[in-house]
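Q: Under the numbering used here, the letters of the sequence shown match residues 112 to 275, in that order.
All C-beta atoms in this analysis are idealised placements derived from N, C-alpha and C, irrespective of residue type, glycine included.
As the structure is a prediction and not an experimental result, all values here were calculated from the model.
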Amino acid sequence: MPAFIRPAVDADLDAILTIHNAAIRNSLAIWTDVEVDRADRERWLAAHRADGHPVIVAEVDGAVAGYAAYSRWRERIGYRFTVENSVYVADAYQRQGIARALMVELIALARAGGIHVMIAGIEAGNSASIALHESLGFEQPVTLREVGTKFDGWLDLAFMRLAL
Ligand SMILES: CC(C)(COP(=O)(O)OP(=O)(O)OC[C@H]1O[C@@H](n2cnc3c(N)ncnc32)[C@H](O)[C@@H]1OP(=O)(O)O)[C@@H](O)C(=O)NCCC(=O)NCCS
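(1) Please give the ranges of any beta strand (DSSP E) in the region 152-226, keeping only runs that are unbroken, at least 3 residues long and fully inside the region.
(2) Only counting runs of 3 or more residues, tell me where the beta strand (DSSP E) segments fall wholly within the region 235-266, in order along the chain.
(3) Just the Cα atoms here: how many angstroms apart are Trp-142 and Thr-254?
(4) Please classify His-227 as buried or exposed, where buried requires at least 16 other C-beta atoms within 10 Å of its C-beta.
(5) Can you tell me whether Asp-162 is buried or exposed? The criterion is at least 16 other CB atoms within 10 Å of its CB, across all chains shown.
(6) Looking only at its chain, what residues have a beta carbon closer than 8 Å to the beta carbon of Thr-193, apart from the 5 residues adjacent to it on each side?
(7) Run through DSSP, which three-state label would Leu-273 get?
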């Protein structure tokens, strides 16, 4: 069944929380090992709304299969036309084109919102995410070595850039 891409609503927060905490627990995509509660995701959604930044979900057969969002890349005013994106798809729904569908919509929203550059910050070993962003036209990664740590190892951060 094809995914239906739409803005996130409060009722999606439990599914978003489950996907977010699974990524904290099982992956190097989010550099913390402290899982969050629903109130944390409520604040996250509210902050995006307040800033006019989209949070979108992919719905498959009535279930939230994944989500994507962007927020300011850095805080100072001079960075206001650059955003950093994130995209997460639940394990059971991966390799079905859902992240691509989410990102195509997110990029369209960024363009419509007058954003100039989108940045993806990716753990350098995450070949799935790097391939995804490459296929969407993001430039080759620029990597900062050993700037993070999780699961007792140093992590490299790859930045990929899409000019909108
Ligand atoms: C990265 C992630 C979002 C991809 O989601 P997905 O819905 O499975 O991706 P899609 O099916 O839309 O794939 C789109 C493209 O991404 C690439 N890709 C996705 N998964 C891949 C994998 N496991 N290995 C290699 N390439 C992969 C491919 O280029 C793919 O195109 P193709 O299917 O035509 O080959 C998903 O694996 C995920 O949520 N991972 C955990 C969280 C994460 O790493 N998020 C990104 C943080 S920066």
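A: To lay it out plainly:
(1) 166-171, 174-183 and 193-200
(2) 253-261
(3) 16 Å
(4) exposed
(5) exposed
(6) Arg-183, Trp-184, Arg-185, Ile-226, His-227, Val-228, Met-229 and Ile-230
(7) strand
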